[in-house]
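Numbering (our numbering), first residue to last: 10 to 429.
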């Protein structure tokens, strides 16, 4: 293979991969210098003249002319007799520039050069992909589903493979090959082989934030700001917003006329219910808003605990609304406010209750203290919690929670029997 043919093949590969001219020139020169070093041990006495646009290349071996018997290094020196065979005018001390044909390196070296070039191009491709997607972290992309695996879905975007892991999917979503999919770029890293790994997400709160930016011009323009988003993807979310213009209602701006704006976001997220509340730095008021649709009557904070806790009193008929199905409303409200929230129903003045300390003969003191820490300082407050909530909040085993419920219920039953 001639030098020009080799360079032309290099240039063709570079054009297909979108490699710019200057980068191509550096790579080709490095490849030729590697060939030279492999054959001669050094490339110091060689000059490479390259024009990748036309596929032209010259490899010049530059040596100093010395007396016939004074050649110490054949790579940097040439005897006068050999120099004069090239040009009779050469004499001692002159420099001889002799062009070298690629074929002189041998077929094996040329094949190695092609492999080296291809590897360099792949490395540059990987780096370009890594850097370009690194700049897109936090942005929405639209790609095509092309492979569905047990633990992940592979998506093609601009001929680049993106990964949607199981834990970044909305569990309600169902994917088919060829479907178009929107997601946010969450993370860009490299695997052990240096290949870029681009992780996308539909479950991350940032995805919801970007969707609101697309649907709500006031958010995109910075008039309305999203302060916090908490989600249980596919089920429910709460979004706290604030307006930097007193004339703009931030909640109304996000919801839109007849819900047009928020419905677009809900549809994209598989009908995930979204509560939009107005942000405030007043924690009491924020907790009240976060527990919507319930309307708390009172909020009592305890900042001495870690995490801090809030005791919230609501009307008896609103307890289930405040807690939500499976406890989802109270979990999201706790995440939004930063306080572990305990909900209690309003107790009428004539309604009997028992201080939790009265059960010290049957319930261990440590467990009684745990109950107090979560705001359950009366018997009815404990019974208002489901078994699952009692176990989660107080850190109890199922057997312990059942025993506590049984003891407290029996006390009220006994009181009823005595009254009768």
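Beta carbons are placed, not taken as given, at the ideal position from N, Cα and C, and that holds for glycine. As the structure is a prediction and not an experimental result, all values here were calculated from the model.
Next on the checklist: Please identify the residue among 315, 163, 320, 184 whose C-alpha is closest to the C-alpha of residue 279.
Outcome noted: The residue labelled residue 279 in the question sits at position 270 within the chain shown. The alpha carbon of residue 279 has as its nearest neighbour, out of 315, 163, 320, 184, the alpha carbon of 184.
Using the Cα positions of residue 164 and residue 56, report the straight-line distance between them to the nearest angstrom.
Position 155 of the chain shown holds residue 164. Position 47 of the chain shown holds residue 56. For the pair residue 164 and residue 56, the Cα-to-Cα distance works out to about 47 Å.
Practice task
Look at residue 251 and residue 287 and say whether their C-beta atoms are less than 8 Å apart.
Solution key: On the chain shown, residue 251 is found 242 positions in, with the first residue counted as 1. On the chain shown, residue 287 is found 278 positions in, with the first residue counted as 1. For the 8 Å CB-CB criterion, residue 251 and residue 287 form a contact.
In this structure, how does DSSP classify residue 281 when only helix, strand and coil are distinguished?
Taking the chain shown and counting its residues from 1, one reaches residue 281 at position 272. Residue 281: coil per DSSP, three-state reduction.
Can residue 376 and residue 318 be called in contact, C-beta distance under 8 Å?
-> Position 367 of the chain shown, counted from the first residue, corresponds to residue 376. Position 309 of the chain shown, counted from the first residue, corresponds to residue 318. No; because the gap between Cβ atoms is not below 8 Å, this pair is not in contact.
Taking all protein chains shown into account, decide if residue 217 is buried (16 or more other Cβ within 10 angstroms of its Cβ) or exposed.
As a position in the chain shown, residue 217 is number 208, starting the count at 1. Label assigned to residue 217: buried.
Exercise for review: Give every residue of the same chain whose Cβ lies closer than 7 Å to the Cβ of residue 429, excluding the five residues on either side of it in the sequence, and list them in chain order.
Suggested key: Here residue 429 is taken as the residue at index 420 of the chain shown, counted from 1. Reliability fails at residue 429, whose pLDDT of 44 lies under 50, so the model's placement of it is uncertain and the value that follows must be treated cautiously. Only residues of its own chain outside the window of five on either side were considered, and among them none has a CB closer than 7 Å to the CB of residue 429.
Run through DSSP, which three-state label would residue 353 get? Mapped onto the chain shown, residue 353 falls at position 344. Looking at residue 353 - three-state DSSP - the assignment turns out to be strand.
Worksheet entry | Residue interval of the beta strand (DSSP E) (run including residue 241) | Within the chain shown, numbered from 1, the residue matching residue 241 stands at position 232. Per DSSP, the continuous beta strand (DSSP E) segment holding residue 241 begins and ends at 233-241.
Leaving aside the five residues before and after residue 350 along the sequence, list all residues of the same chain whose C-beta is less than 6 Å from its C-beta, in chain order. Here the question's residue 350 lines up with position 341 in the chain shown. Answer for residue 350: 319, 321, 339, 342, 343, listed in chain order.
Output the boundary residues of the alpha helix (DSSP H) element that contains residue 155.
-> In the chain shown, the residue the question calls residue 155 occupies position 146. No alpha helix (DSSP H) holds residue 155; the beta strand (DSSP E) holding it covers 149-157.
_Stretch-stretch touch, CB-based, cutoff 8 Å, three pairs: the segment 217-226 with the segment 238-252_ = In the pairwise beta carbon analysis, the segment 217-226 is classified as touching the segment 238-252: at least three pairs are separated by under 8 Å.
What residues in its chain sit with their C-beta under 6 Å from that of residue 298, if we drop five residues either side in the sequence?
-> If you number the chain shown from 1, residue 298 lands on position 289. Once the five neighbours on either side are set aside, the close Cβ partners of residue 298 are 286.
- Burial state of residue 177, where buried means 16 or more other Cβ atoms lie within 10 Å: As a first step, residue 177 is located in the chain shown; it is residue number 168 there, counting from the start. Within a 10 Å sphere around the beta-carbon of residue 177 sit 16 or more other beta-carbons, which makes this residue buried.
Check your understanding: Looking at the structure shown, is residue 195 part of a helix, part of a strand, or coil, going by DSSP?
Key -> For this step, residue 195 is matched to residue 186 along the chain shown. Judged by DSSP in its simplified three-state form, residue 195 adopts strand.
Spell out the partners DSSP gives residue 88 in its beta bridges.
-> Locating residue 88 in the chain shown gives position 79, where the first residue counts as 1. Paired residues: 75.
* Asked: With respect to the alpha helix (DSSP H) encompassing residue 55, which residues constitute its N-terminal and C-terminal limits?
  -> Sequence index remark: in the chain shown, residue 55 carries index 46 (1-based). Unbroken run through residue 55 is the beta strand (DSSP E), 55-60; no alpha helix (DSSP H).
Going straight from the alpha carbon of residue 105 to that of residue 143, what length do you get? Position 96 of the chain shown, counted from the first residue, corresponds to residue 105. Position 134 of the chain shown, counted from the first residue, corresponds to residue 143. Here the C-alpha atom of residue 105 lies approximately 50 Å from the C-alpha atom of residue 143.
On the DSSP letters alone, give me the boundaries of the alpha helix (DSSP H) that residue 342 sits inside. For this step, residue 342 is matched to residue 333 along the chain shown. From DSSP, the alpha helix (DSSP H) with residue 342 extends over 337-346.
Taking the C-alpha atoms as reference points, what is the distance between residue 200 and residue 133?
Here residue 200 corresponds to residue number 191 of the chain shown, with the count starting at 1. Here residue 133 corresponds to residue number 124 of the chain shown, with the count starting at 1. Using only the alpha carbons, I get a separation of about 16 Å.
Checklist line | Continuous beta strand (DSSP E) stretch holding residue 5: start and end | finding: Because the chain spans 10 through 429 in this model, residue 5 falls outside it and cannot be assessed.
message: Is residue 135 close to chain B? Criterion is C-beta to C-beta, closer than 8 Å.
response: Structure shown: chain B not included; a single protein chain is present.
Which partner residues does residue 125 have in the DSSP bridge list? For this step, residue 125 is matched to residue 116 along the chain shown. BP columns for residue 125 are empty, so no partner.
Next on the checklist: Using CA atoms only, rank isn't needed, just tell me which of 90, 72, 327, 125 is closest to residue 44.
Outcome noted: The sequence position of residue 44 within the chain shown is 35, counting from 1. It is 125 whose Cα lies nearest to the Cα of residue 44.
Fill in: Close Cβ partners of residue 381 (< 8 Å) along its chain, the five nearest in sequence each way excluded
Within the chain shown, residue 381 is the residue found at index 372, counting from 1. Counting only residues of its own chain and dropping the five nearest sequence neighbours on each side, residue 381 has a CB closer than 8 Å to the CB of 365.
By alpha-carbon positions, which one of 270, 213, 78, 246 ends up nearest to residue 301?
Position 292 of the chain shown, counted from the start, is the residue given in the question as residue 301. Residue 246 is the option with its Cα nearest to residue 301.
Rounded C-alpha distance that separates residue 39 from residue 103
On the chain shown, position 30 is the one that residue 39 refers to. On the chain shown, position 94 is the one that residue 103 refers to. Residue 39 and residue 103: Cα-Cα distance of roughly 28 Å.
Is residue 144 a contact residue of the ligand ATP, with contact defined as CB to any heavy atom under 7 Å? No copy of the ligand ATP appears in this structure; indeed no ligand is present at all.
When you compare only the Cα positions, how much space is there between residue 388 and residue 362?
Counting from one through the chain shown, the residue named residue 388 turns up at place 379. Counting from one through the chain shown, the residue named residue 362 turns up at place 353. Rounded to whole angstroms, residue 388 and residue 362 show a C-alpha spacing of 6 Å.
Please identify the residue among 172, 168, 117 whose C-alpha is closest to the C-alpha of residue 438. Because residue 438 is not part of the residues shown, which for the chain are 10 to 429, the question remains open.
*Measure the C-alpha to C-alpha separation of residue 99 and residue 139 and round it to an integer number of angstroms.*
Position 90 of the chain shown, counted from the start, is the residue given in the question as residue 99. Position 130 of the chain shown, counted from the start, is the residue given in the question as residue 139. C-alpha of residue 99 to C-alpha of residue 139: approximately 53 Å in a straight line.
Considering only C-alpha positions, which residue in the set 146, 93, 47, 67 is nearest to residue 110? Here the question's residue 110 lines up with position 101 in the chain shown. Closest in C-alpha terms to residue 110, from the list 146, 93, 47, 67, comes 67.
- [ ] Mind checking who residue 253 pairs with in its DSSP beta bridge?
- [x] Taking the chain shown and counting its residues from 1, the one referred to as residue 253 is at position 244. Residue 253 is not bridged to any residue.
If you check the beta carbons only, do residue 190 and residue 249 fall under 8 Å apart?
-> Locating residue 190 in the chain shown gives position 181, counting from the first residue. Locating residue 249 in the chain shown gives position 240, counting from the first residue. It is not a contact, given that the beta carbons lie outside the stated cut-off.
Outcome for residue 36 when other beta-carbon atoms lying within 10 angstroms are tallied against a minimum of 16 | By one-based count along the chain shown, residue 36 stands at place 27. Burial call: buried.
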